[in-house]
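There are 2 protein chains.
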Amino acid sequence: MLRIRRLPIDTYPENTAFLLRHANGYSAEQFQALRKIRVTGGSSEILATLALVDDEGIIGHGEIGLGEQAYRRLNLSEGTEVEIAQARPPASLDYVRRKIDGDTLGEAEVGAIIGDIAAHRYSPMEIAAFLVACAGFMSTPETLALTRAMVNVGNRLKWNAPLVVDKHCIGGIPGNRTSMIVVPIVAAHGLICPKTSSRAITSPCGTADVMEVLAEVNLSAEKMAEIVAKEHAVLAWGGRVNLSPADDVLISVERPLRLDTFEQMVASIISKKVAAGSTHLVIDIPVGPTAKVRSQNDAVRLRKLFEYVARHMGLVTKIVFTDGSQPVGRGVGPVLEARDVLAVLRNEPDAPEDLRDHAVALAGHVLDFDPAIEGGKGYSRALELLASGEALAAMERIIEAQGRKPAMPELGGFQHEVKAHRSGRIVAIDCERIAKVARQAGAPMDQGAGLYLMHKIGEQVSKGDTLYRIYAGSQAGLGFGCDCAEENSGYEIG
Amino acid sequence: MLRIRRLPIDTYPENTAFLLRHANGYSAEQFQALRKIRVTGGSSEILATLALVDDEGIIGHGEIGLGEQAYRRLNLSEGTEVEIAQARPPASLDYVRRKIDGDTLGEAEVGAIIGDIAAHRYSPMEIAAFLVACAGFMSTPETLALTRAMVNVGNRLKWNAPLVVDKHCIGGIPGNRTSMIVVPIVAAHGLICPKTSSRAITSPCGTADVMEVLAEVNLSAEKMAEIVAKEHAVLAWGGRVNLSPADDVLISVERPLRLDTFEQMVASIISKKVAAGSTHLVIDIPVGPTAKVRSQNDAVRLRKLFEYVARHMGLVTKIVFTDGSQPVGRGVGPVLEARDVLAVLRNEPDAPEDLRDHAVALAGHVLDFDPAIEGGKGYSRALELLASGEALAAMERIIEAQGRKPAMPELGGFQHEVKAHRSGRIVAIDCERIAKVARQAGAPMDQGAGLYLMHKIGEQVSKGDTLYRIYAGSQAGLGFGCDCAEENSGYEIG
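Sequence order for the protein chains is A and B. This note's numbering numbers the first residue of the first sequence as 644 and each following residue consecutively. This note's numbering numbers the first residue of the second sequence as 644 and each following residue consecutively.
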């Protein structure tokens, strides 16, 4: 028996336990070679990775140290006596092994895997094994089972409304910050739109990162309900409300591995929307040579997968294919994108047209869900709400309700202009490369970092013209961004 | 800039760095969300997982704590100033992603992946992604490329002899401890046989675990050379001499995931044999309904893969299919298997016949590599060396040279007899189940734990006869073993 000692060490996302290497009456090293131990006290039990300590100042004889995650999840107080044993791997790992061998899994098996993942019984390597096996092949019913399992293990928000709308883009296009325009338009119209967004996964920023420049986004479910009751809509960070905890764990592995399959995408998006209580959803699929979806065939395959899963989950969807040939708007990065969004909402004359057009079209599709709107009139209604300033007013109320940030963070003080190396017409802009330059410059961690695009596809430039300006908050960030742009600016001049 | 502080925390196999959560002038949490940081000082650099500390007693302002692995691999002294940055993922991860997408990789790409893995630049989840992608599909040239890459990143032993023989079994059959009989026979004949073995991966014990009961196995390359010069052979643990460090890293992930594909098996075995300086190799492939290879088709596929890779690596092989329908010998577990081996070498009348026959046959194949032996006479020569006691004498000299253990560890004091639930003839014994019972009872960590089989296939038993005896060093171990045997004893009585 070992006594629990809480160690102030945060080993996100894993549980870690700490033992003295010697003098506990068993070979700690042999436990460690097995990678995981089971810690049991009463009816509480966790699996944890084992670290060995050679200093009795950190952990004493007869003690087991628990890092923050392990301590919180075991949920027993310091000094409680616990036992440790070689962890038996979660039973559902047998299903993962079958998936690796090429089997197709049933609903109960997928449910068991997701239950164990949500309960933090899988190590990152086991999660990676599951995800990569699924990336090899995953059937449509498996994708549905995954979606359902992810909904079942998380919270669900409830709204007293027959129509709860949402809009989601699959991502991949820098600057494509339409949600922050669509949501206030829809709110101004009076539909319920409790939007939860993610932070950047592999991109320079997510909607939550951009909204955070203007307002608090770390909102509880209660606070969200309060804001929606008053303003019809909210733009919150989804991570706080634990809508799909299994998906959050999966993403913590997908992100560093940059895994992004259609099946995982559909399960992730649909599960979060169902958990958020949405009834009607517009999904934006940008299609372009450097977008996530690169051909019409792929777009149709993805559309059908969304439709199948959403229908079986009771969610009404409208799938929209949009132009994903280049970044949308001018800014890429939290502050720069927030500026673009505000320019559109304020109807400023130099607001990026493509961002405005794109957002209004999507808002129109959302408004078309409203039975009170005459068929096909969603678009003109959206345009009207934007032009009249009603959308801006709604946005200001939402910002106020969430908690307005005292001042927008400054743009990065370290800047560099990337020039055209020849004269000609811009024929292509590589979305992946633009995203990479912005990330290297520091976005989204550095809110003022990113790019501002001076020219878009179809425009004529002369040699030496500035294609875009890189912003960074540090010399190092600017250096990384410039190196990346130097290697390949992402612009093709024909 | 942060000053290195060495923390006495062993986070095998990963590098871990520790930072105060607050007060270092940047957001440590955002670094942590990225999972890995790069620590750079002068020309030294490592990637490390980041743990956040909330106690200045463990790590102070302006300091970065390095766990044992990270400290050793960065190889800079305490107090040295280092920089940290968001880790750029190893470039070779792009190839892993291509492999996940179904591509076939070339030699340079596989080489880059293995180089990064051997340099500990991959996290376990990244290694898992590579292994699972390879488990999905791997071409024969990819397997060869993997083998060559694994040899290139490790040490290579050199022997001044035209003929350096070895023998390897692919495993999966409990009790099949033939190496400890084959090696002394071959040594007695005078061939050079510097055998390196592994510890148990998924089995109740490996040859290194069993040999360790009798002699020291943790030998340096120099010590091995010294012993081989005198005794022609050695039975050492391969982990010490760093023959295939990339394979050791891969195995640290394969083991908990219980991944065991033919391709990884061939690359692992052939790379280690080439690195150990072998020129001629006998490979034992047991075939049986609960063995690793379960059909003649699979056996032939595996044989061809071994032959292709070995030939291109310049290694002469003889592949032998053997009876893998049940455990070999009577004992399963380090001490119990060592007893069986000694009984055979000592020509004791009750020595397990199947173990002796199996070992002599394999030794005969090894001796057939000797040009001085008349065609087909290897078997009779092996039998002669065993029967005459020359093999036993060679084993005693090898044990003496490696460092004889003062006394064999005792058999586990907690015992339980598993009885036949009906009368009849034994028609099958499940190798996987027998291995599992032995592991649950504590083998190999508990050297005296394991099973002793009283009956084998074809024998007649009466209801209540003892099928096997479980040994464990603790009541808990015995309990786990008995539970496992209770669920399924592994014996089928017809």
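We put the beta carbon where it would ideally sit given N, CA and C, even for glycine.
| Asked | Found |
| --- | --- |
| Delimiting residues of the beta strand (DSSP E) encompassing B/I680 | K679 to G684 |
| A/I707: CB within 7 Å of a non-hydrogen atom of the ligand FAD | Of ligands this structure carries none, so the ligand FAD is not represented either. |
| Supposed contact pair B/P651 and A/D697 - C-beta distance, whole angstroms, cut 8 Å | 4 Å |
| First through last residue of the beta strand (DSSP E) which encompasses B/G1093 | G1093 to L1096 |
| Anticipated Cβ contact below 8 Å, B/S687 with B/L662, distance rounded | In fact, because the Cβ distance is near 18 Å, the residues do not count as touching under 8 Å. |
| Within 7 Å of chain B by C-beta, residues of the region 776-792 of chain A in sequence order | A776, A778 and G779 |
| Start-to-end residues for the alpha helix (DSSP H) that takes in B/R623 | One cannot answer for residue 623 of chain B here, as it falls past the ends of chain B, which runs 644 to 1137. |
| Unbroken stretches of the beta strand (DSSP E), 3 residues or longer, contained in the region 821-870 of chain A | 836-840 |
| Span of the beta strand (DSSP E) around B/S1117 | Looking at the DSSP string, B/S1117 is not in any beta strand (DSSP E), and its letter there is neither H nor E. |
| Candidates A/R1082, A/G749 and A/H1098, of which the one nearest A/G1116 by Cα | A/R1082 |
| Range of the contiguous beta strand (DSSP E) that encloses B/V925 | H923 to V930 |
| Inter-residue Cα distance where the pair is A/D606 and A/Y714 | Outside the displayed span of chain A (644 to 1137) sits residue 606 of chain A, for which this structure offers no information. |
| Check whether A/I828 and A/A1006 have beta carbons under 8 Å apart | yes |
| Cβ contact (3+ pairs, closer than 8 Å) linking the region 1084-1102 of chain B and the region 1048-1057 of chain B | yes |
| Anticipated Cβ contact below 8 Å, B/M768 with A/M781, distance rounded | In fact, because the Cβ distance is near 19 Å, the residues do not count as touching under 8 Å. |
| Residues of its chain near A/V987, where Cβ-Cβ distance is below 6 Å and the 5 sequence neighbours each way are ignored | I824, A994, L998 and R999 |
| Given B/L867 as reference, the closest of B/A728, B/I1016, B/G1046 and B/A734 once Cα atoms are compared | Sequence inspection shows Met at residue 867 of chain B; the Leu mentioned does not correspond to that position. It is B/G1046. |
| Short CB-CB distance (under 8 Å) between B/V1158 and chain A | Look at the range of chain B in this structure, 644 to 1137, and you will see that residue 1158 of chain B is not part of it. |
| Chain-order list of residues whose beta-carbon lies under 8 Å from that of A/K1048 (same chain, five-residue window excluded) | E855, V856, L857, A858 and E859 |
| CB contact check: B/M598 to chain A, cutoff 8 Å | Lying outside 644 to 1137, the shown extent of chain B, residue 598 of chain B is not represented and no answer is given. |
| Segment contact flag, the region 748-755 of chain A with the region 785-795 of chain A, C-beta cutoff 8 Å, min 3 pairs | yes |
| Alpha-carbon to alpha-carbon, B/R898 and A/V963 | 46 Å |
| Any C-beta of chain B under 8 Å from that of A/D640 | Here chain A comprises residues numbered 644 to 1137, so residue 640 of chain A is not present and cannot be evaluated. |
| Cross-strand partners of B/A876 (DSSP beta bridge) | B/C836 |
| B/V808 vs B/H923 beta-carbon contact at 8 Å | yes |
| Straight-line Cα distance separating B/G1032 from B/R1024 | 13 Å |
| Simplified DSSP assignment, three categories, for B/T786 | helix |
| Beta-carbon neighbours of B/D697, restricted to chain A and to distances below 9 Å | P651, I652, D653 and E711 |
| Partner residues on chain B for A/A694, Cβ-Cβ distance less than 8 Å | I652, D653, T654, T659 and G710 |
| CB contact below 8 Å: B/A1086 versus chain A | no |
| Proximal residues to B/N1131 (C-beta, below 8 Å), its chain only, five neighbours per side dropped | D1073 and R1076 |
| Within chain B, the residues that A/V943 reaches when beta carbons sit closer than 7 Å | None at all; the shortest Cβ gap to chain B is about 20 Å. |
| Proximal chain A residues relative to B/I1136, where beta-carbon distance stays under 8 Å | Near B/I1136 there are no residues of chain A at all, since even the closest Cβ is about 27 Å away, more than 8 Å. |
| Host beta strand (DSSP E) of A/F1012 (start-end) | Here A/F1012 belongs to no beta strand (DSSP E), and DSSP marks it neither H nor E. |
| Range covered by the alpha helix (DSSP H) that runs through A/K935 | Element bounds for A/K935: n/a, residue is neither H nor E. |
| Segment limits, alpha helix (DSSP H) that includes B/V696 | Careful: B/V696 lies outside any alpha helix (DSSP H), inside the beta strand (DSSP E) at S687 to V696. |
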